[in-house]
Structures are given as C-alpha cells and as structure tokens.
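A.B. asks:
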DNA sequence: TTTGACAGTGAACATTCGTTCACATATACT
DNA sequence: AGTATATGTGAACGAATGTTCACTGTCAAA
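Residue numbers (the numbering used here), protein chains in the order written: chain A, 6 to 196; chain B, 6 to 196.
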C-alpha cells in the first residue's frame, strides 16, 4: 500500500476532529489490520514532517499537516519541482496572531483607508490594548463615530489621517477612544 | 482557584505542543494535586467552549481555543460587553484554506494590481489546479514573465487585465500558463 | 452554630495507549 | 532457483489514559 492515500485519510481526520487519531483509529482509517503496520507508517510520516512526536511519544501534527507552503515572489514565478525542497512552511494562525485573547476580527465598511489598500468588505485582524505607534492603523471612536485611520504623532499632537483624499485629517480634541490596532488585513476571494 | 489562569496555561501548552495536555500533564500546568480537580476543571472548560470531547472522551480544542472572535463592522464600532455573547468565532485556517494540498503562499512584487488593493509586499494565498472564472485574479506566466492579473473572458477570448493604468491588458497568443488562482490576500503589519 | 454546597485530595478502576515481539506473505535482485 | 528486503498480521507487554469514589477542608447562608 502507498502512503499518500493514508496520509490524506489521517489529514482528513485531523481537520475534522481537530486532533490526531490513535493507532487503533488509524487502523480503520487506513484499512490495516495490525497496529504494527500503522506504527511503521507513522514512523515514515514523522520523517516526512507530517507528524511529530513528543517526549512521551504522544504525537502532534507536523509542519506539513498544519502549514502552508511558502513560495517566493510572483516575479520569481513558480518553482520547479526540484527546488520545492527549499520552500518554507507557515501556519497562518501562528503567523498572524500573537496575543490571541486580545485579537479580534471585524469587517471594513467605508472607504476611508482605500489608498492604503484597505477596501470595504476586507477583514481586519485587530489587537486590543496595544499602544499604537505613529504610522499604525487603528480603530478609533471620534465624535461617536467609529472609523479606521492612520495614527500619527506630530510633535506632541495626535493626528488621525485617513487614506482617502475625500476625507480630512482629524485632530481629536478630547474624546479619542482607541479601540484597537490593526495587525493584518485579509481579503478573501471566491466567497 | 480561578479558571482563567488555568485556561491560559492550557492554551499556552496547546500553542506550544500543538496538542492538548493529558489530565496528568494538566496537573503540573495548573498546580492541582488531584486529577479529579482538573477533571472538573475540564468539564467547565468544555461548557465554555474552550475544549470539546470526542465520543471516546478524548478531547480536542474547542472553538474558543482555536478561533478568533468576529465582531461586526468598523462602523458598528466596538460591541458592548453585553452583546459580546453574539459574536462568532472563526478559525483562520479553516476559513481561508479549502484545499490545503493545493494551496501555497507567495509574496507580491510589482504594482500591477495596486488598484485592486494588492500592493507589493502583500502575501497571496493561491490555489493550484483550479480553473479560473472570469473576474478571478490569477498568477500566470506570459512571455516568460510571471505576473498577477485579472482573468477575464470576453466572448471566447481570454484577456489578462492589470489593475494599474500604467500597464496594458494582455491578449495572450499561445503561451498562457496559468499557475494558480488567488483565493486571498493577506497584509501583515507590525512585522 | 449548624447546614449545605463547593473545591481539592488521594487512591483506585477498567480501558486504551504506544510499543515490541515472532511469524507470514510478497516483491525484487542475483 | 534462492535469498534478502520490505510489508502486513496477530498477540502481547507495561505504561498512561479518563473516570469515579470516598474523604477533607472552606466559606457563606440559614
């Protein structure tokens, strides 16, 4: 029997149950009749990077099971199969989220940041409680209205800059309520 | 003892080991001295949605451990604590990736799609093997050069449209090599 | 004070776990 | 042919698993 079919079955189980199957469960997944068969299969998958094992030999998903392969740039084009070995693998969650308890998603409405490449319908990853640095994009409440703006300090003065010529910079007087700092923008196609 | 501290310890273990700790491991994580204490703790966490249990009472991460809370829109502003109950929770990986084996990431270089909100340095999630529909953004090789373009069919004719007035539409003659269809754009701030 | 609910301890249970053994079968190479 | 080498079977091992029980201490309401 070949590995890829079994690998897919295990991956499907992992996606569905959010955990890895035990050897006994892999028996039914793979069609093997002996746990020793899947034991050796797992050994191969560990070497391939699909699975990994802890100290106590409990296993966890490996890089290839969790991550997405990262290629170069668009200009560099599609790598040939030979150099695909060089590609890195990245977990979206670990890459984008640092403080999970303080991270939220919200949808962009309005076009005040369109020149910064943030368009209505985009999804924002924002982090609460972080103190913004000049140049950050923030979600703030100004005059009882919630917007997306660049946060900039000029001297000791805070200026909220839109990225749209239709709107004007805001010099908040007193009631500046910064809710969160934008850490990422995600635009999803194909619904 | 309060739950949140223990919850964080378990969450940290999960982020680090990519799997959930056993009851015995939770003993050292929480400082409890009896597995019964963590057994009842886990019961509470299951009700809260941080953990979940399988049929065989093996447990898996719950929605609150994997996902990110989704709020409304920027205009709607920050929800009051009262209505935070209504928010949904979303897993980035499950949301963005449908066919993991065929999905790759690559970095945008060049400004040919800047008017579509895709800027140099942005990261693309692309899917290989998918047949593009008119209006999709694709990664294609034209004249031995890799670019990002809108894929459009006018009549029976394929046109590759840039989203930048500096560039002209491309009417591929023969050698049109479509590598992948863009399924998402991710821009990360704060490095 | 008495009572009752709650939270933690410590020990025990049957079950399941990962691992390893010896043996059978198949495939490829000389 | 014969002979390695790999692959799957079946049964068994100790160790670790989730769960449960009886008991102790604590804190607040009656």
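Glycine residues also receive a C-beta, built at the ideal position from the N, C-alpha and C atoms. Since the structure is predicted, the reported quantities are computational estimates derived from the model, not experimental observations.
(1) Taking the alpha carbon of residue 176 of chain B as the point to measure from, which residue in B:192, B:159 and B:187 has its own alpha carbon closest?
(2) Please return the same chain residues whose Cβ sits closer than 7 Å to the Cβ of residue 166 of chain A, not counting the five positions on each side in sequence.
(3) At the level of alpha carbons, what is the spacing between residue 117 of chain A and residue 125 of chain B?
(4) What's the gap between the Cα of residue 190 of chain B and the Cα of residue 189 of chain A?
(5) Check whether chain A comes within 8 Å of residue 110 of chain B, counting only Cβ atoms and requiring the distance to be less than that.
(6) Does any residue of chain B have a CB that is nearer than 8 Å to the CB of residue 65 of chain A?
(7) Determine whether the beta carbon atoms of residue 144 of chain A and residue 131 of chain A lie at a separation below 8 Å.
(8) Could you round the C-beta distance between residue 51 of chain B and residue 67 of chain B to whole angstroms and report it? I think they count as a contact, below 8 Å.
(9) Check each candidate in A:48, A:59, A:10 and A:34 and name the one with the smallest Cα separation from residue 22 of chain B.
(10) Which residue spans inside the stretch 45-91 of chain A form an unbroken beta strand (DSSP E) run of at least 3?
(11) Buried or exposed: where does residue 6 of chain A fall if 16 or more other Cβ atoms within 10 Å of its Cβ makes it buried?
(12) For the stretch 82-142 of chain A, list the alpha helix (DSSP H) runs that are entirely contained and at least 4 residues long, ordered along the chain.
(13) In whole angstroms, give me the CA-to-CA distance for residue 35 of chain B and residue 28 of chain B.
(14) What would DSSP say about residue 22 of chain A, mapped onto helix, strand or coil?
(15) Kindly say whether residue 156 of chain B, judged by its beta-carbon, lies nearer than 8 Å to any beta-carbon of chain A.
(16) When you compare each of A:65, A:182, A:42 and A:9 to residue 134 of chain A by their alpha carbons, which one comes out closest?
(17) Can you check whether the C-beta of residue 80 of chain B is within less than 8 Å of a C-beta belonging to chain A?
(18) Taking DSSP as the reference, what is the three-state secondary structure of residue 156 of chain B?
(19) Run through the DSSP bridge pairs and tell me what residue 182 of chain B is partnered with.
(20) Here's a check: name, in chain order, each residue in its chain whose Cβ is nearer than 6 Å to the Cβ of residue 184 of chain B, leaving out the five neighbours to either side.
(21) Does any CB atom of chain A fall closer than 8 Å to the CB of residue 107 of chain B?
(22) Using 8 Å for Cβ pairs, my map puts residue 63 of chain B next to residue 24 of chain A. What's the rounded Cβ distance?
(23) Whose C-alpha, out of A:121, A:43 and A:98, is nearest the C-alpha of residue 110 of chain A?
(24) What does residue 59 of chain A touch in chain B if you count any residue whose Cβ is under 8 Å from its own?
(25) CB residue 11 of chain B to CB residue 46 of chain B, shorter than 8 Å?
(26) With the cut-off set at 8 Å, would you say residue 93 of chain A and residue 75 of chain A are in Cβ contact?
(27) In whole angstroms, give me the CA-to-CA distance for residue 95 of chain A and residue 108 of chain B.
C.D. replies: Let me lay it out:
(1) Residue numbering aside, residue 176 of chain B sits at position 171 when the second chain is read from its first letter. Its Cα nearest to that of residue 176 of chain B, the residue B:159 stands out among B:192, B:159 and B:187.
(2) Working through the first chain from its first residue, we reach residue 166 of chain A at position 161. Cβ within range, chain order: 154, 155, 157 and 174.
(3) Here residue 117 of chain A corresponds to residue number 112 of the first chain, with the count starting at 1. Here residue 125 of chain B corresponds to residue number 120 of the second chain, with the count starting at 1. Approximately 20 Å between the Cα atoms of the pair.
(4) By one-based count along the second chain, residue 190 of chain B stands at place 185. By one-based count along the first chain, residue 189 of chain A stands at place 184. A direct Cα-to-Cα measurement between residue 190 of chain B and residue 189 of chain A gives close to 10 Å.
(5) Translated into positions along the second chain, residue 110 of chain B becomes position 105. Chain A contact via Cβ: present.
(6) Position 60 of the first chain, counted from the first residue, corresponds to residue 65 of chain A. Residue 65 of chain A counts as touching chain B.
(7) By one-based count along the first chain, residue 144 of chain A stands at place 139. By one-based count along the first chain, residue 131 of chain A stands at place 126. If you check the CB distance, residue 144 of chain A and residue 131 of chain A come in under 8 Å.
(8) The residue given as residue 51 of chain B occupies position 46 in the second chain. The residue given as residue 67 of chain B occupies position 62 in the second chain. Right, their Cβ atoms sit about 7 Å apart.
(9) Residue mapping note: residue 22 of chain B aligns to position 17 of the second chain, counting from 1. Looking at the Cα atoms, A:59 is the closest of the given residues.
(10) Listed in chain order, the complete beta strand (DSSP E) runs (minimum 3 residues) inside the stretch 45-91 of chain A are 56-58, 64-66 and 73-78.
(11) Translated into the one-based positions of the first chain, residue 6 of chain A becomes position 1. Low confidence applies here, because residue 6 of chain A scores a pLDDT of 46, under 50, leaving its location unreliable; read the following figure in that light. Taking all protein chains shown into account, residue 6 of chain A has fewer than 16 neighbouring C-beta atoms within 10 Å of its C-beta and is therefore exposed.
(12) As far as the stretch 82-142 of chain A is concerned, its whole alpha helix (DSSP H) runs of at least 4 residues are 97-101.
(13) Working through the second chain from its first residue, we reach residue 35 of chain B at position 30. Working through the second chain from its first residue, we reach residue 28 of chain B at position 23. Distance between the alpha carbons of residue 35 of chain B and residue 28 of chain B: 10 Å.
(14) Residue 22 of chain A sits at position 17 when you count from the first residue of the first chain. In the structure shown, residue 22 of chain A sits in a helix (DSSP, three-state: H, G or I).
(15) Within the second chain, numbered from 1, the residue matching residue 156 of chain B stands at position 151. Chain A, which has no Cβ nearer than 8 Å to the Cβ of residue 156 of chain B, makes this no.
(16) In the first chain, counting from the first residue as 1, residue 134 of chain A sits at position 129. Cα-wise, what sits closest to residue 134 of chain A is A:182.
(17) For the purposes of this step, residue 80 of chain B is taken as residue 75 along the second chain, with counting starting at 1. Residue 80 of chain B counts as touching chain A.
(18) Counting from 1 along the second chain, the entry for residue 156 of chain B is found at position 151. Reduced to three states, the DSSP call for residue 156 of chain B is strand.
(19) Position 177 of the second chain, counting from 1, holds the residue named residue 182 of chain B. According to DSSP, which records beta bridges pairwise, residue 182 of chain B is partnered with B:146.
(20) As a first step, residue 184 of chain B is located in the second chain; it is residue number 179 there, counting from the start. If the five residues before and after residue 184 of chain B are omitted, its C-beta is found closer than 6 Å to the C-beta atoms of 144, all from its own chain and listed in chain order.
(21) As a first step, residue 107 of chain B must be located in the second chain, where it is residue number 102. The C-beta of residue 107 of chain B comes no closer than 8 Å to any C-beta of chain A.
(22) As a first step, residue 63 of chain B must be located in the second chain, where it is residue number 58. As a first step, residue 24 of chain A must be located in the first chain, where it is residue number 19. That pair is a contact at about 7 Å.
(23) Here residue 110 of chain A corresponds to residue number 105 of the first chain, with the count starting at 1. Comparing Cα positions, the closest option is A:98.
(24) If you number the first chain from 1, residue 59 of chain A lands on position 54. Within chain B, the residues 22 and 24 have their CB atoms less than 8 Å from the CB of residue 59 of chain A, given in chain order.
(25) Counting from 1 along the second chain, the entry for residue 11 of chain B is found at position 6. Counting from 1 along the second chain, the entry for residue 46 of chain B is found at position 41. Contact: yes.
(26) Taking the first chain and counting its residues from 1, one reaches residue 93 of chain A at position 88. Taking the first chain and counting its residues from 1, one reaches residue 75 of chain A at position 70. Judged by their CB atoms, residue 93 of chain A and residue 75 of chain A are nearer to each other than the 8 Å cut-off.
(27) Translated into the one-based positions of the first chain, residue 95 of chain A becomes position 90. Translated into the one-based positions of the second chain, residue 108 of chain B becomes position 103. If I take the Cα positions, the gap works out to 12 Å.
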